[in-house]
Amino acid sequence: MQQKALIRNEVISNQRHVTLWKKVPPTSPSISQDTLRKSSCLYSRPQDNLVSGIAEIGIGFALGVLWSEFFIAFTGCGPTNFSDTLERICYQGVIVLAGVALFNRIVTGGKDLEKSAEDVFGPLESFTLIQVQIAEYSSALAVVGAFVALGFQYSRGADIDGLSGIDVAMCRAIRDL
């Protein structure tokens, strides 16, 4: 059985920094960079990290809002293990992300954030673009979820204190238990 070793080659071309790992026999001569470029589909650009990081933060905001709205719809109060500050940050993040997505669609004539990100940052990884789509649609879902939870509270006859649909005195009493 022939042992395999890992070699590392770095290729820098056209603003792309690519690190490729390939199994080769330890006694073989070095492989040409052209062969490595053809055999690998791993490309990484700083723009991918930036765009996917922003998308991941947006997804986190949307999940926080959906989590909060789920608790509000079924218990009448927000989640007890979710601080008010974090909840506010999530709501503000969703408002910004959904607003940017809507503004982008209005200004660009219906383009989604995925296409606009490619226009601004150039070609991006497919998984980065999937994250951008998930962030855009999850923020829209969080906005719809907030209105659904508000309607749920209103249908139950909750006293809408400050347009939140939450009975603040009852929720403070539950938290203080």
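Take 0 as the starting number for the sequence shown in numbering that gives the first Met the number 0 and just add one per residue. Every residue, glycine too, gets a C-beta built ideally from N, C-alpha and C. Every value quoted in this text rests on a predicted model; they were computed, and no experiment measured them.
Judged by beta-carbon spacing, residue 60 lies within the 9 Å limit of residue 93, meaning their Cβ atoms are closer than that value. With fewer than 16 neighbouring CB atoms inside 10 Å of its own CB, residue 174 falls in the exposed class.
Scanning its chain for C-beta atoms nearer than 8 Å, with the 5 sequence neighbours on each side dropped, one finds around residue 49 the residues 120, in chain order. By the beta-carbon neighbour count (other beta carbons within 10 angstroms, threshold 16), residue 129 is exposed. Using a 10 angstroms sphere on the CB of residue 152, the tally of other CB atoms reaches 16 or more, which defines it as buried.
For the pair residue 101 and residue 72, the Cα-to-Cα distance works out to about 26 Å.
Contact annotation, residue 106 with residue 89: C-beta distance approximately 26 Å; criterion of less than 8 Å not satisfied.
If you look at residue 81, you'll find it isn't in any alpha helix (DSSP H); DSSP assigns it neither H nor E. For secondary structure counted as the alpha helix (DSSP H) over 4 or more consecutive residues, the segment 45–131 holds these complete runs in sequence order: 45–74, 83–106, 112–120. The beta carbon of residue 126 sits closer than 8 Å to the beta carbons of 51 from its chain, once the five residues preceding and following it are set aside; these are given in chain order. Boundaries of the alpha helix (DSSP H) around residue 171: 167–175. Apart from the 5 residues on each side of it in sequence, residue 124 sits with its Cβ closer than 6 Å to the Cβ of 47 in its chain, given in chain order.
Taking all protein chains shown into account, residue 56 has fewer than 16 neighbouring C-beta atoms within 10 Å of its C-beta and is therefore exposed.
Distance between residue 70 and residue 168, taken at the CA atoms: about 16 Å. The alpha-carbon of residue 104 is positioned some 26 Å away from that of residue 87. Judged by DSSP in its simplified three-state form, residue 156 adopts coil rather than helix or strand.
The beta carbons of residue 97 and residue 147 sit about 15 Å from each other, so the pair does not count as a contact at 8 Å.
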